[in-house]
Amino acid sequence: MSRRNAGATDAVVDAPSPARRTMPHGPQHAQALRSHHVRRSVALAATAVVAFVGAGAATAAYTLSGNIESTNVDDALAHVERPTPPPADPNAGTPLNIVLLGIDSRDGDNINFASAENTAGARSDTTMVMHISADRDRVELISIPRDSTVSMPGCPLKDDKMSSPMSSTKFNSAFAVGYDYGGSVTAGATCTLTTIESLTDVRMDGFITIDFAGFQRMVDALGGVDICIPEAIDAPDAGLLKLDAGEQHLDGTQALQFARARKGKGLGDGSDLGRIGRQ
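Residue numbers for the sequence shown follow numbering that gives the first Met the number 0, beginning at 0 and rising by one.
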């Protein structure tokens, strides 16, 4: 025992005893090295297991795939009458604006609907813009009256020619210009689309045209249509159309007369706006 720093707190220091001395130990980091070797060995073993399992799974998948045979069902059932698959929607998720055009062409089967006047050319007496929502849950229609005064921009005809712009003209003249000078229903429809886009600044994605005979056949193909008529109709100028008030089932001929009728008992003031409502 020894005392040092008199007057200060006593501190006892044990001197090393010869009896406690042992053989020198190895380096202090030897234990850490051994732990490192153990961890490395475990990691290598785990890697080997994963690699083995992965290789085994790949081999199994390859073997199973080799044992699978495929058959083209459409070819196998080619001679069997089957339901028609639903049409695919190439524009799914995208809203669409389609222009519907009812034209008064007297070509072909439409000659049966010709009157003494206005038998030449073709006009779009009915024009509707049909908006189909992107989720396909909603369809909305808006009609453009044929006698609306509009400005018509130049539109493509044929042979890379363009029509001259027109101001203060009737809306249905757009189709007539395209049809007369472009020589086709397509030219008439595209002139109408160009005019609508100029008026609304809304893109039109396509069009559908239908004439008198096509309208009649379409309704007949549906088995007719049910219409609730507010008051009795007597319209001699519309193919002698006579309908009672209330719910009526119309065939193709009656539906066409109803859609075209403008003057007569039960048809209001005879304006285009009244006919638009019935259409």
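Even glycine gets a Cβ: it sits at the ideal position worked out from N, Cα and C.
Simplified DSSP assignment, three categories, for residue i
i, result
"T70", "coil"
"F170", "coil"
"E139", "strand"
"A237", "coil"
"G222", "coil"
"D158", "coil"
"T126", "strand"
"N96", "strand"
"Q247", "strand"
"T83", "coil"
"L272", "helix"
"G107", "helix"
"G213", "helix"
"L289", "Since the first residue of the chain shown is 0 and the last is 278, residue 289 is not available in this structure."
Close-in-space but distant-in-sequence residues of the same chain around residue i (CB under 6 Å, 5 per side omitted)
i, result
"R261", "G269 and R274"
"I131", "L95 and V138"
"S166", "S150"
"S147", "F170"
"A258", "Q278"
Exposure label - residue i; buried when at least 16 CB within 10 Å
i, result
"L272", "exposed"
"C190", "buried"
"I110", "exposed"
"R137", "exposed"
"G245", "exposed"
"L240", "buried"
"S104", "buried"
"A133", "exposed"
"D210", "buried"
"L140", "exposed"
"A121", "buried"
"A77", "exposed"
"A173", "buried"
"L100", "buried"
"A175", "buried"
"V79", "exposed"
Contacts around residue i, its chain only, beta-carbon distance under 8 Å, and the 5 residues preceding and following it disregarded
i, result
"E196", "R202 and M203"
"V72", "none"
"L192", "V98, M203 and F206"
"M161", "G153, C154 and P155"
"P164", "S150, M151, P152 and G153"
"I143", "T126, M127, V128, F170 and I195"
"A115", "In this prediction, A115 scores a pLDDT of 47, lower than 50, which makes its location untrustworthy; no coordinate-derived value is stated."
"V224", "V218, H248, L249 and A254"
"T93", "A133"
"A212", "G107, D108, N109, N111 and F112"
Presumed contact (8 Å Cβ cut-off) between residue i and residue j, rounded CB distance
i, j, result
"E97", "I226", "Position check: residue 97 holds Ile in this sequence, whereas Glu was assumed. That pair is no contact at about 23 Å."
"V238", "Q256", "The sequence given here has Gly at residue 238, not Val. About 4 Å separates the two Cβ atoms, so the contact holds."
"I102", "S123", "6 Å"
"K169", "R145", "7 Å"
"Q247", "I228", "6 Å"
"G182", "K157", "6 Å"
Same chain only: Cβ atoms within 7 Å of residue i, ignoring 5 sequence neighbours per side
i, result
"L266", "I232, A234, A260 and G273"
"G263", "I232, D233, A234, P235, D236 and A237"
"D219", "D250 and G251"
"L198", "V149"
CB contact check: residue i to chain D, cutoff 8 Å
i, result
"G267", "Here chain D cannot be found, since the structure has a single protein chain."
Distance cut-off 7 Å: residue i Cβ against heavy atoms of the ligand ZN
i, result
"L242", "Absence of the ligand ZN is noted for the structure shown, with no ligands found whatsoever."
### Task
With a floor of 3 residues, list each beta strand (DSSP E) that falls wholly inside the segment 168–202, ordered by position along the chain.
none
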